[in-house]
Amino acid sequence: MLDQINGFFSIVEAMRAVDTTGVEPLPHPIATIQEVALRLRDDIASETNQREANQRSAPAVERGLFLVPKVIE
Amino acid sequence: MTALHDMTVAALADELRAKKISATEVAQHFLARSQADTSGAFLSFNPEATLAQAKEADAQLAAGTAGPLAGVPMAHKDIFVTTDFPTTAGSKILEGYRSPFDATVVRKLGVQAGGAGMVNVGKLNCDEFAMGSSNENSAYKPVTNPWDTSRVPGGSSGGSSAAVAARLVPAATGTDTGGSIRQPASFCGITGIKPTYGRASRYGMIAYASSLDQAGPMARTAEDCALMLSAMCGPDLDRDSTSLDVPAENFARDLNAPLDGLRIGIPKEFFGEGLAPGVRTAVDAALKEYEKLGAKLVPISLPRTELSIPVYYIIAPAEASSNLSRFDGVKFGHRTKDYTDLVSMYKRSRAEGFGEEVKRRIMTGAYVLSHGYYDAYYLQAQKIRRMISDDFQQAFQVCDLIAGPVAPTVAWKLDEKTDDPVANYLADIFTLPASLAGLPGMSVPAGFGEEGMPVGLQLIGNYFKEAQLLNAAYRLQQATDFHLRQPGGAQ
Amino acid sequence: MTTKSKSLLVQGYEVVIGFETHAQLSTQSKIFSRAPTAFGAEPNTQACAVDLALPGTLPVMNKGAVERAIELGLAVGAHIAEQSIFARKNYFYPDLPKGYQISQFEIPVVQGGEVSFFVGDEKKTVRLVRAHLEEDAGKSLHEDFIGQSGIDLNRAGTPLLEIVTEPDIRSSDEAVAYAKELHKIVTWIGICDGNMQEGSFRCDANVSVRKPGDDLGTRREIKNLNSFKFMQQAIDFEVRWQIEQIEDGHAIQQATVLFDPDTGETRAMRTKEDAADYRYFPDPDLPPLVIDRDWVARVQSEMTELPRVMAARFVTDYGLPEYDATTLTQSKAMAAYFEAAAKACGQAKLVSNWVMGEMSRRLNAGEVGIENAPVSAAQLAAMIGRIADNTISNSAAKQVFDALWTEGGEVDAIIEAKGLKQMNDTGALEAIIDEVLAANPKNVEEFRAGNSKALNGLVGPIMKASKGKANPAQVNELLLKKLQA
Numbered sequence: 336m337l338d339q340i341n342g343f344f345s346i347v348e349a350m351r352a353v354d355t356t357g358v359e360p361l362p363h364p365i366a367t368i369q370e371v372a373l374r375l376r377d378d379i380a381s382e383t384n385q386r387e388a389n390q391r392s393a394p395a396v397e398r399g400l401f402l403v404p405k406v407i408e
Numbered sequence: 449m450t451a452l453h454d455m456t457v458a459a460l461a462d463e464l465r466a467k468k469i470s471a472t473e474v475a476q477h478f479l480a481r482s483q484a485d486t487s488g489a490f491l492s493f494n495p496e497a498t499l500a501q502a503k504e505a506d507a508q509l510a511a512g513t514a515g516p517l518a519g520v521p522m523a524h525k526d527i528f529v530t531t532d533f534p535t536t537a538g539s540k541i542l543e544g545y546r547s548p549f550d551a552t553v554v555r556k557l558g559v560q561a562g563g564a565g566m567v568n569v570g571k572l573n574c575d576e577f578a579m580g581s582s583n584e585n586s587a588y589k590p591v592t593n594p595w596d597t598s599r600v601p602g603g604s605s606g607g608s609s610a611a612v613a614a615r616l617v618p619a620a621t622g623t624d625t626g627g628s629i630r631q632p633a634s635f636c637g638i639t640g641i642k643p644t645y646g647r648a649s650r651y652g653m654i655a656y657a658s659s660l661d662q663a664g665p666m667a668r669t670a671e672d673c674a675l676m677l678s679a680m681c682g683p684d685l686d687r688d689s690t691s692l693d694v695p696a697e698n699f700a701r702d703l704n705a706p707l708d709g710l711r712i713g714i715p716k717e718f719f720g721e722g723l724a725p726g727v728r729t730a731v732d733a734a735l736k737e738y739e740k741l742g743a744k745l746v747p748i749s750l751p752r753t754e755l756s757i758p759v760y761y762i763i764a765p766a767e768a769s770s771n772l773s774r775f776d777g778v779k780f781g782h783r784t785k786d787y788t789d790l791v792s793m794y795k796r797s798r799a800e801g802f803g804e805e806v807k808r809r810i811m812t813g814a815y816v817l818s819h820g821y822y823d824a825y826y827l828q829a830q831k832i833r834r835m836i837s838d839d840f841q842q843a844f845q846v847c848d849l850i851a852g853p854v855a856p857t858v859a860w861k862l863d864e865k866t867d868d869p870v871a872n873y874l875a876d877i878f879t880l881p882a883s884l885a886g887l888p889g890m891s892v893p894a895g896f897g898e899e900g901m902p903v904g905l906q907l908i909g910n911y912f913k914e915a916q917l918l919n920a921a922y923r924l925q926q927a928t929d930f931h932l933r934q935p936g937g938a939q
Numbered sequence: 007m008t009t010k011s012k013s014l015l016v017q018g019y020e021v022v023i024g025f026e027t028h029a030q031l032s033t034q035s036k037i038f039s040r041a042p043t044a045f046g047a048e049p050n051t052q053a054c055a056v057d058l059a060l061p062g063t064l065p066v067m068n069k070g071a072v073e074r075a076i077e078l079g080l081a082v083g084a085h086i087a088e089q090s091i092f093a094r095k096n097y098f099y100p101d102l103p104k105g106y107q108i109s110q111f112e113i114p115v116v117q118g119g120e121v122s123f124f125v126g127d128e129k130k131t132v133r134l135v136r137a138h139l140e141e142d143a144g145k146s147l148h149e150d151f152i153g154q155s156g157i158d159l160n161r162a163g164t165p166l167l168e169i170v171t172e173p174d175i176r177s178s179d180e181a182v183a184y185a186k187e188l189h190k191i192v193t194w195i196g197i198c199d200g201n202m203q204e205g206s207f208r209c210d211a212n213v214s215v216r217k218p219g220d221d222l223g224t225r226r227e228i229k230n231l232n233s234f235k236f237m238q239q240a241i242d243f244e245v246r247w248q249i250e251q252i253e254d255g256h257a258i259q260q261a262t263v264l265f266d267p268d269t270g271e272t273r274a275m276r277t278k279e280d281a282a283d284y285r286y287f288p289d290p291d292l293p294p295l296v297i298d299r300d301w302v303a304r305v306q307s308e309m310t311e312l313p314r315v316m317a318a319r320f321v322t323d324y325g326l327p328e329y330d331a332t333t334l335t336q337s338k339a340m341a342a343y344f345e346a347a348a349k350a351c352g353q354a355k356l357v358s359n360w361v362m363g364e365m366s367r368r369l370n371a372g373e374v375g376i377e378n379a380p381v382s383a384a385q386l387a388a389m390i391g392r393i394a395d396n397t398i399s400n401s402a403a404k405q406v407f408d409a410l411w412t413e414g415g416e417v418d419a420i421i422e423a424k425g426l427k428q429m430n431d432t433g434a435l436e437a438i439i440d441e442v443l444a445a446n447p448k449n450v451e452e453f454r455a456g457n458s459k460a461l462n463g464l465v466g467p468i469m470k471a472s473k474g475k476a477n478p479a480q481v482n483e484l485l486l487k488k489l490q491a
């Protein structure tokens, strides 16, 4: 796998050489043509308790808690 | 009487609305075909759920409350989460996963209130987490191309394109991040469209590269795509912050508009040495058709076309490496049986659950985001991305849409390219630029190339110009019959 | 000796502290999902699909969280960024469902600002670097499981404001005073409930030491200080420990440490993130947060009067010393109480003395907030009015106050019932004084001989004879007059 990853990085070198002075990254693809700002929703707690459905695919659950090997601080 | 599976989405919708056939018999027909299929296109079925949906569609049709595509069968790429079918994203890490909610696109197309009324026949195979161009990265099984079962159907929406080409379903959903709708559509001789980024909600679409992923329809005709796209798109302001607040459109409104004076830009970078002669011939012929229809071909340049490869293969894996961190065996998904502590649980669950290509991209992605490399790789790629986007805007000053090949070759043989992933990356060269810019792009059947395999023509439009693309595709399909051809042994 | 001249050096070392405080914002719903944020629910009943990071879920921003960030920014005089960016902080931990935390990195919503407070009677200002919005993680529970932990994601997604200071703090006293002041600000403006036991207000202290004039020393971070008392102990221990290490010739290693209240010591944590590279990058699921100046102006106009503004007003309008004004504005409730009482009786300084003194003593002892004080502002004002008009003496007032506090009732009725009216009739008083002088010739002689202390021996019997009702000031005045006659 390391060979394959290294092979990839050789095509990346050409990219690094490009002069991008003064160019800002795009925050959203459409930002090329229009401003895109974060939408804000009203502060309303509308989600009801769906624990059973949400835990349907959980590997290990006990008394509503997801079980994992002991977390050591 | 035309066989049901030879009917388009539009035709089926009409027959169903006219009550000449029932949604239940239609569903049974396509379910039987799909379950008998050996191409590997489908990953899961739930006949009970399918027939329940059909029954619901029939009820709505009787009551007059049905959506525009009520009772028409289709299938979803296994990237869209569904409550009544498992969702795997083509990966073992989600084997058996059942989502408690449906993707927005699933709800918009389905029989729930307000949906288009389509009936889901099953979940379609794809490259694992949408990473791949041949469907060979599926953790379950590869998919064979109906036109030549020794060849790949393309990817990552390989199951979708094969199912439509083999007429197992009249239409399917796909997702396109770097070309995953357009390329398989090209390889399988069907029509597919990726809309403007932000048109279709990503809520419920398992994320690969957040700033690139888009859902889109795959079907045999441009009209079918237009009908489905209209149902799929629309603002999802409450659930997806990248969803654009632009009104839903009837993308079929201008299908038949004349093309006189349409300026089609031909990027010289898309017609270089790497293009297979058979592909070039087919594409050139299609462009000639456009001239006959009154369009004007305009030479343009997209100078950073080649750079789109490293730019994409830095940005997409970077976002993916983060998006896939949630698969840790804690809340859902595969957990290894073989762990001694938390760290080994994480490592083994992910090592066992993820395939090689996914692991490769996660590693690459983490690397390009890492301290000391971020500026040189990720940030640099994002800046060039803007430049690529600007290049398109420059081009659109002198043309209305851009045309060229979808891929440098026709579909390759299974196992031919699995040893060299980087070679695979290079083949994405024509689809990546539009993905990076977030522009809408289509693949339209344009004939056949090497080994009699299908070749698609790519059409790229400016932001929000899907109707124009579909119009151009539709007119080509009126002048040609490639989209009506069937694979030889595909019954 | 004033505090100013007192050196803050510890064994010759300068202590340098910076604070990071995580304040849970008092929104109804989470920062990126619509699940409720109420404390104490059954495990995972307030963790929706988005909070659990189920495949396909996406974040949507809560306007209430942004508004509270703006309020904090205005309260500390900071710059509110017109555009700020959310970034992903990537690391693995079971209480972090996505495997990354949505936070802000290069461009936070609040930039700069400062917090001023008193340490003793000296004013100190701590500069803020920034405050940014981010989501809280879930919780791991260990008690009921052997070899395993139970993960509760109810808390995952609760909005946090992380408030970061410059390393301007120079002692544990300053640290606690800063933390208390910040706590006051966030509860005062109503953006955080300040319940430290429930984890609503968590402080991390970055502590280092150096010889004055040297470069900054290596710092260690004391995490999750959730009580002011422990904060002081922890910092004091850490400082002594670091100095000891340095004096013994050991270099300080950067580390994250926890304070153990049972041992009173800090110890380094098993490193979960110490050397971690979080691979921050702008979250592609969230476009930039734009806050236009109109919104800021609107929030500003609707904001409650800030404590420092109110304190300044108390100084100018009521002639209170800055110290009093600052103490009285420690909470909205106390400030309101003070103002109501002061306006009712017109004796601002007396009200201040009683509130800061007797009242605060009783409130702290009973662990009761001033909103629940048994003596209302009106009652206090009435009592103080009776002191001011000489109806009762200060010592009598203490009895009145005690009665009000423990039994309730009306001020005048209590004065009457307990016979606490001060004797203001000078005739009767002179008579008493004459009697006492006659009965104590020795004290009189000693006083006239030059021993002014002999007065005390006379005042006592006078007060007793007047059954405590004599006005002490009058007693002194008349007594002196007679003795010097």
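From first to last, the protein sequence lines are chains E, X and H. Once you know that position 45 of the first sequence is 380 in this note's numbering, the rest is easy, because the numbers rise by one and skip nothing. Once you know that position 101 of the second sequence is 549 in this note's numbering, the rest is easy, because the numbers rise by one and skip nothing. Once you know that position 234 of the third sequence is 240 in this note's numbering, the rest is easy, because the numbers rise by one and skip nothing. Each residue gets a CB set at the ideal place from its N, CA and C atoms; glycine is no exception.
Could you tell me which of the options sits nearest to residue i, measuring between CA atoms?
| i | options | result |
| --- | --- | --- |
| F111(H) | R314(H), E140(H), P467(H) and A185(H) | E140(H) |
| Q428(H) | E73(H), P380(H), N396(H) and F287(H) | N396(H) |
| A551(X) | E543(X), A648(X), A505(X) and N593(X) | A648(X) |
| Y904(X) | N910(X), N919(X) and T879(X) | One detail in the question is off: residue 904(X) reads as Gly in this sequence, not Tyr. Of the listed residues, the one whose Cα sits closest to G904(X) is T879(X). |
| G126(H) | M340(H), N457(H), T332(H) and G466(H) | T332(H) |
| V361(H) | A371(H), I376(H), P103(H) and N449(H) | I376(H) |
Does the Cβ of residue i have 16 or more other Cβ atoms within 10 Å, making it buried, or fewer, making it exposed?
| i | result |
| --- | --- |
| R392(H) | buried |
| E805(X) | buried |
| V263(H) | buried |
| E244(H) | buried |
| P294(H) | buried |
| T322(H) | exposed |
| P747(X) | exposed |
| Q306(H) | exposed |
| G270(H) | exposed |
| Q336(H) | buried |
Would you please state the rounded distance, in angstroms, between the beta carbons of residue i and residue j? I believe it to be under 8 Å.
| i | j | result |
| --- | --- | --- |
| I191(H) | P313(H) | 7 Å |
| R94(H) | Y286(H) | 7 Å |
| L874(X) | I757(X) | 6 Å |
| A670(X) | S487(X) | Contact doesn't hold; Cβ gap of about 24 Å is too wide. |
**OP:** Below 7 Å between beta carbons is the criterion; list the residues of the stretch 35 to 55 of chain H that meet it against any residue of chain X, in chain order.
**Re:** A55
**OP:** Please confirm if the stretch 175 to 185 of chain H is in contact with the stretch 67 to 75 of chain H, defined as three or more CB-CB distances below 8 Å between the two stretches.
**Re:** With contact defined as three or more Cβ pairs closer than 8 Å, the stretch 175 to 185 of chain H and the stretch 67 to 75 of chain H are not in contact.
**OP:** Could you tell me whether the stretch 150 to 161 of chain H touches the stretch 44 to 51 of chain H, where touching means 3 or more Cβ pairs closer than 8 Å?
**Re:** yes
Original post:
Going along the chain, which residues of the stretch 754 to 776 of chain X sit with their C-beta nearer than 7 Å to a C-beta in chain H?
Top reply: A766, E767, S770, S773, R774 and D776
Original post:
Looking at C-beta atoms only, is the number of pairs between the stretch 455 to 463 of chain X and the stretch 617 to 631 of chain X that lie closer than 8 Å three or more?
Top reply: yes
**OP:** Could you name the residues of the stretch 670 to 698 of chain X whose beta carbon sits closer than 7 Å to any beta carbon of chain H, in the order they occur along the chain?
**Re:** D686, R687, D688, S689 and T690
Original post:
With contact counted as at least three CB pairs below 8 Å, one residue from each stretch, are the stretch 489 to 496 of chain X and the stretch 526 to 535 of chain X in contact?
Top reply: yes
**OP:** Give the residues from the stretch 103 to 131 of chain H that approach chain E closer than 9 Å (Cβ to any Cβ), ordered along the chain.
**Re:** none
Subject >> At least three beta-carbon pairs within less than 8 Å, the stretch 721 to 733 of chain X to the stretch 685 to 695 of chain X >> reply: no
Subject >> Cβ contact (3+ pairs, closer than 8 Å) linking the stretch 672 to 680 of chain X and the stretch 696 to 703 of chain X >> reply: yes
Original post:
In chain order, what residues of the stretch 820 to 834 of chain X put their CB closer than 8 Å to some CB of chain E?
Top reply: A824, Y825, L827, Q828, A829, Q830, K831, I832, R833 and R834
Subject >> Residues within the stretch 65 to 93 of chain H neighbouring chain E, beta-carbon criterion of under 7 Å >> reply: V66, M67, N68, K69, G70 and V72
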